[in-house]
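**Q** Below: one structure in structure tokens.
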């Protein structure tokens, strides 16, 4: 299959998934509120792609959820050429992705994050992952969440889960705090085993995320919470902010490639506290 | 004067200034609340210095204020040796400093920041600055603040104010937002014109900060504020967090040299919001 068709298929899937996820969220909110969307372009004069971010705030279930689609292209700056595989040879790039961050009203429901992307330079690869960040301990939920991810991974390759779980644990870690961000999940990057198989896996990860967040919300959103639970959530969100601004590669990549800062920083919680 | 005596004099000044500033703040709070302090060491086994940070929260005037003193020494990691003047030749370093960040209850009073430091490798130099971040516009205050800084600078060298104001404007800037952090101030680094004169300037900057924050609070803290003013303050604090975690060199330096993360991140506001 030629590269142009691959890009089109991937982009269309990410767009469709954005719709699917947004519909699911509005259903969970019982259609009492809806997403606001914003379309943005990387450059005002030259066509260098852009994206659409959708945001829902102050829902009954979600404090803030952002669902971001982007398709960007152009030339990498000199600074980036050494850092991105295949960009040294040729600075042209194309990248498309979807990312979702959910900050929940009920502190019993973890913050949830999902992202998949396809990047094309003189090489091309997929990346992505799912991870959740509870602020209150629930080992049963942790076990269930990881078993769902393992099932998804096992459908494609029996080696994926172990490898991608470890990658996730290493990535979502705050060294200055000696703390993991949450309870992990799966994380993968530079994935270029076979385009067809990789794309099938990426689609499955997206649908698995949709099922996981729905199930977690159904399980946990009924549980009552106190003011002190909410305070714990605000402090945990402070850690989330620290991770995203100090370490997150997607944030750095986006800000340095002239991405839309509102879309990139949409992942930040509506409010956070520090002691 | 030998280097050992210089270090001792500088360190003692920073410690005394920490006391002076903390007394001033407790006086402003009418002694109804007081600082909590924590002494920390860089390493548990080897003596590599440490510091003392003091924090006052939930006051009548201050939402959160941190006053941090540190004296650290050791060897720079390989990563840092290329970045710090004089560290390539010899990785040993000694550094001492004081930093203050004030997040105010009344949104009419700007957030205020001050820092001075002395760093010694095979070279040695001073750095520091004062800057303020209002969330509500007050051009009269801005004019007064800058004229006070100019007076302080002019006492030492007529060229300082213009140079250090520009440096401050360039440094406290959020490129991804196309926004300055606040209304500027003065910022200087790698200052090694004459140790005696530089140290006199650094002491004056410290005392000027003490006068400035006292005067600003006396001027502005009486003004009534609304809930929507407070919301503007929370959003402005979000920008403050973005700057500190994405760009602030002191934060990066501290976290990468194994500084105490609570002391370093003490600069973060008690609470922040993002839209």
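Protein chains in written order, with this note's numbering: chain A, 30 to 304; chain B, 30 to 304. Yeah, the Cβ is synthetic: ideal placement off N, Cα and C, and Gly gets one too.
Quick check on residue 247 of chain B: does DSSP put it in helix, strand or coil?
**A** DSSP places residue 247 of chain B in helix when its eight states are reduced to three.
**Q** Since residue 126 of chain A contacts residue 102 of chain A with CB under 8 Å, what's their CB separation in whole angstroms?
**A** Their Cβ separation, rounded to whole angstroms, is 13 Å, which puts residue 126 of chain A and residue 102 of chain A out of contact at 8 Å.
**Q** Hey, does residue 65 of chain A have any beta-carbon neighbour from chain B nearer than 8 Å?
**A** No, no contact with chain B.
**Q** Does residue 224 of chain B come out as helix, strand or coil in the three-state DSSP assignment?
**A** Helix at residue 224 of chain B.
**Q** Between the Cα of residue 263 of chain A and the Cα atoms of A:213, A:69, A:162, A:143, which residue gives the shortest distance?
**A** The shortest Cα separation from residue 263 of chain A among A:213, A:69, A:162, A:143 belongs to A:162.
**Q** On the DSSP bridge assignment, give the partners of residue 208 of chain B in chain order.
**A** Residue 208 of chain B is bridged to B:203.
**Q** Pick from B:145, B:177, B:211, B:275: whose alpha carbon is nearest that of residue 42 of chain B?
**A** Here the closest residue by C-alpha is B:145.
**Q** For residue 246 of chain A, count neighbouring Cβ atoms within 10 angstroms of its own Cβ and tell me buried if that reaches 16, exposed if not.
**A** Burial call: buried.
**Q** Do residue 215 of chain B and residue 159 of chain B have their C-beta atoms closer together than 8 Å?
**A** The answer is yes: Cβ separation under 8 Å.
**Q** Looking at the structure shown, is residue 80 of chain B part of a helix, part of a strand, or coil, going by DSSP?
**A** Looking at residue 80 of chain B - three-state DSSP - the assignment turns out to be strand.
**Q** What is the residue span of the alpha helix (DSSP H) that residue 258 of chain A lies within?
**A** Unbroken alpha helix (DSSP H) run through residue 258 of chain A: 256 to 275.
**Q** Counting pairs of Cβ atoms below 8 Å between the region 277 to 297 of chain B and the region 163 to 172 of chain B, do you hit three or more?
**A** As far as the Cβ criterion goes, the region 277 to 297 of chain B does not touch the region 163 to 172 of chain B, which means the pair count is below three.
**Q** What's the call for residue 194 of chain B, buried or exposed, on a 16-neighbour Cβ count within 10 Å?
**A** Its Cβ being crowded by 16 or more others within 10 Å, residue 194 of chain B is buried.
**Q** What are the boundary residues of the alpha helix (DSSP H) that includes residue 177 of chain B?
**A** Residues 168 to 183.
**Q** Step through the CB atoms of chain B and report whether any lies within less than 8 Å of the CB of residue 299 of chain A.
**A** Yes, residue 299 of chain A counts as interfacial toward chain B.
**Q** Comparing the C-beta of residue 206 of chain B with each C-beta of chain A, is any distance below 8 Å?
**A** For residue 206 of chain B, the answer is yes, since a Cβ of chain A falls inside 8 Å of its Cβ.
**Q** Counting only beta-carbon separations shorter than 8 Å, does residue 94 of chain A have a partner in chain B?
**A** No, residue 94 of chain A does not count as interfacial toward chain B.
**Q** So what's residue 282 of chain B in DSSP terms, helix, strand or just coil?
**A** In this structure, residue 282 of chain B counts as helix in the three-state DSSP scheme.
**Q** If distances are taken between C-alpha atoms only, which option among B:300, B:302, B:297, B:293 comes closest to residue 81 of chain B?
**A** Here the closest residue by C-alpha is B:293.
**Q** Rounded to a whole number of angstroms, what is the C-alpha to C-alpha distance between residue 154 of chain B and residue 147 of chain B?
**A** Those two C-alpha atoms are separated by around 6 Å.
**Q** If you follow the beta strand (DSSP E) that residue 42 of chain A is part of, which residue opens it and which one closes it?
**A** Residue 42 of chain A -> not in any beta strand (DSSP E); alpha helix (DSSP H) instead, spanning 32 to 57.
**Q** Cβ of residue 210 of chain A within 8 Å of Cβ of residue 278 of chain A?
**A** No.
**Q** Measure how close the beta-carbons of residue 156 of chain A and residue 295 of chain A come, nearest whole angstrom, since I'm counting them as under 8 Å.
**A** Actually they are not in contact, since the Cβ atoms of residue 156 of chain A and residue 295 of chain A sit about 19 Å apart, beyond 8 Å.
**Q** Against chain B, which members of the region 253 to 282 of chain A pass a CB distance test of less than 9 Å?
**A** The residues in question are 263, 267, 270, 271, 273, 274, 275, 280, 281.
**Q** Contact between the region 132 to 140 of chain B and the region 108 to 115 of chain B: three or more CB pairs below 8 Å?
**A** No contact exists between the region 132 to 140 of chain B and the region 108 to 115 of chain B.
**Q** 8 Å is my cut-off, CB to CB: does residue 123 of chain A come that close to chain B?
**A** False, the Cβ-Cβ gap to chain B never drops below 8 Å.
**Q** Can you list, in chain order, the residues of the region 283 to 295 of chain A whose Cβ is nearer than 8 Å to any Cβ on chain B?
**A** So the close ones are 284, 290, 293, 294.
**Q** Between the beta-carbon of residue 190 of chain B and the beta-carbon of residue 182 of chain B, is there less than 8 Å?
**A** Against a cut-off of 8 Å, the Cβ pair of residue 182 of chain B and residue 190 of chain B comes out as a contact.
**Q** Pull up the distance between the alpha-carbon of residue 302 of chain B and that of residue 273 of chain B, whole angstroms please.
**A** Their backbone Cα atoms lie some 15 Å apart in a straight line.
**Q** Given a cut-off of 8 Å, decide if residue 233 of chain B and residue 185 of chain B are closer than it, judged by their beta-carbon atoms.
**A** Cβ atoms of residue 185 of chain B and residue 233 of chain B: closer than 8 Å.
**Q** Tell me which residues of the region 51 to 76 of chain A have at least one Cβ-Cβ distance to chain B shorter than 8 Å, keeping chain order.
**A** Per Cβ criterion, the list is empty.
**Q** Just reading off the alpha helix (DSSP H) that residue 107 of chain A is part of, what are its end residues?
**A** Its alpha helix (DSSP H) spans residues 107 to 110.
**Q** Three-state secondary structure (DSSP) at residue 236 of chain B?
**A** Correct three-state label for residue 236 of chain B: helix.
**Q** Report yes if the CB atom of residue 152 of chain B is closer than 8 Å to the CB atom of residue 221 of chain B, and no otherwise.
**A** Yes, Cβ-Cβ distance for residue 152 of chain B and residue 221 of chain B is below 8 Å.
**Q** At 7 Å on the CB atoms, spell out the chain B contacts of residue 107 of chain A, in chain order.
**A** Simply none; closest approach about 17 Å.
**Q** With distances taken from CA atoms, which of A:228, A:128, A:121 is nearest residue 239 of chain A?
**A** That would be A:128, whose Cα lies nearest to the Cα of residue 239 of chain A.
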